[in-house]
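Take 894 as the starting number for the sequence shown in this note's numbering and just add one per residue. Scroll down for the structure; my scribbles are underneath it.
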Amino acid sequence: MNKVYLLALAILGFGTMQAQLYFDDFEGNSLEGYTLYNLDGLTPDDPDLDTMADSAWTIRNITSQGWEFGLSAFSVSWYANDEGPSDDWLVTPGIAIGEGAILEWDAMAITSSGLFRDRYQVFISSSPELDDLGLLAPEFTMGDTGEVDFPIHRTLDLGALGYANETIYVAFRNNTQPFVPGGGSGPGNGGNELAIDNIEVNDETTLSVSKNETFEYVRVQPNPVAQGASINLSVSLNTSETISIEVMNISGKIHTVISNRILPAGPNLISIDRNGLAQGIYFLRLRAGENTSVVRTVLN
């Protein structure tokens, strides 16, 4: 399924609910509902992509560099005669958010050498119109070296940025600078192609972890978890307890179980090996007798 609006995802037994406000994995092979702006009007250097001179963004099946998401939003920045810069916009449909919205997406610069990495920006607007978007500062922007050349999961806390109880439009802008002969051979001089996928907005206000007589607090720190790092779970108990921990994905599939861990009262730190866990959203459910607590984390 490609687009999902306002999907209440109940994780049974968690005692909590996540509201998924928007999700698109582009497997429907359509950009229907999106607004596209092709401001550079340039022709890609690759003859197989010359039709993109009129389309700004399209959907392509990406299989290189460890990208496992299949059909994805795709933009090109390497133009004939090294013209540029790129200026191509992909704007989502309107998304109604509450007070605790989180924006997430997967991204990767497509470049076989690792040298020509696309830059891009993310804007949050109350309108999809270009005149309005052009007045805004980006809420996310890549540095001069561009996006990384491997899949990465990125997040923006929209509530912390001041967006709440409104309808927003999320705009991705490829603004890669052109290749300059003699300008160096490292990342930052020119680009190639950019993949974006799994655009998702969730409402975190419904994802609170209730305090109960057993758990004082449960937190993942830091969150999101850096690529390759273990999951550090901080747990404070009111009394000494024997607990179990389950790690499950957004569909409720259990990947990891830790059973019969005896913890003393007070703060505890538990390190969980993420081996075998792909990038994405996970829930950690803790049980102590009849009491349950849950926390959400993102693995980069």
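All residues carry an ideal CB built from backbone N, CA and C; glycine is no exception.
task = Please report the residue range of the alpha helix (DSSP H) in which Leu1026 lies.
result = 1023-1026
task = Indicate whether Thr951 and Phe967 have their beta-carbon atoms separated by less than 7 Å.
result = yes
request  = Please go through the same chain and pick out, in chain order, the residues whose beta-carbon is closer than 6 Å to the beta-carbon of Thr1181, but skip the five residues on each side of it.
outcome  = The sequence as given places Ala at residue 1181; Thr does not occur at that position. The answer, listed in chain order, is Thr1107, Glu1134, Ile1136.
ask   = Which one of Val1041, Leu1008, Thr1034 has the shortest CA to CA distance from Pro1071?
value = Leu1008
task = Tell me whether the beta-carbon of Glu920 lies closer than 7 Å to the beta-carbon of Glu997.
result = no
inquiry  = Rounding to the nearest angstrom, what Cα-Cα distance links Leu900 and Val1118 in this structure?
reply    = Because Leu900 carries a pLDDT of 43, less than 50, the predicted location of this residue cannot be relied on, and no value is offered for it.
query = Just how far apart, CA to CA, sit Leu929 and Glu1022?
reply = 10 Å
request  = Establish whether the CB of Val1073 and some CB of chain C are separated by less than 7 Å.
outcome  = Considering every chain present, this structure includes no chain C. It has just one protein chain.
ask   = If you scan the stretch 1046-1125 from start to end, which runs of the beta strand (DSSP E) of 3 or more residues do you find wholly inside it?
value = 1059-1067, 1086-1096, 1108-1113
ask   = For Asn1085, does the count of other Cβ atoms within 10 angstroms reach 16, so buried, or fall short, so exposed?
value = buried
ask   = When you compare only the Cα positions, how much space is there between Trp960 and Gly1077?
value = 27 Å
inquiry  = At the level of alpha carbons, what is the spacing between Asp1199 and Ser965?
reply    = Look at the range of the chain in this structure, 894 to 1193, and you will see that residue 1199 is not part of it.
request  = Measure how close the beta-carbons of Leu1162 and Leu1130 come, nearest whole angstrom, since I'm counting them as under 8 Å.
outcome  = Contact flag wrong, Cβ pair sits at about 12 Å.
message = I'd like to confirm the pairing. Which residues does DSSP put opposite Glu1134 in its beta bridges?
response = Leu1156
Alpha-carbon to alpha-carbon, Ala1000 and Pro1115 = 21 Å
task = Would you check if the distance between the CB atom of Gly1052 and the CB atom of Ala1088 is smaller than 7 Å?
result = no
key: Buried or exposed by the 16-neighbour rule on C-beta atoms within 10 Å, applied to Ala1002   = buried
request  = Could you check how far apart the C-beta atoms of Val1073 and Asn1067 are, in whole angstroms? I think they sit under 8 Å.
outcome  = Actually they do not touch by this definition, with Cβ atoms about 18 Å apart.
key: Assigned secondary structure, Leu1192 (DSSP; H/G/I helix, E/B strand, else coil)   = strand
For Ala1057 and Ile990, believed in contact at Cβ under 8 Å, the rounded distance = 7 Å
ask   = What is the residue span of the beta strand (DSSP E) that Arg1178 lies within?
value = 1173-1181
query = Going along the chain, which residues of its own chain have a beta-carbon closer than 6 Å to the beta-carbon of Leu932, five neighbours each way excluded?
reply = Asp980
message = I'd like the list of long-range same chain contacts for Asn1184, defined as Cβ closer than 8 Å, with 5 residues on each side in sequence excluded.
response = Asn1105, Glu1106, Thr1107, Phe1108
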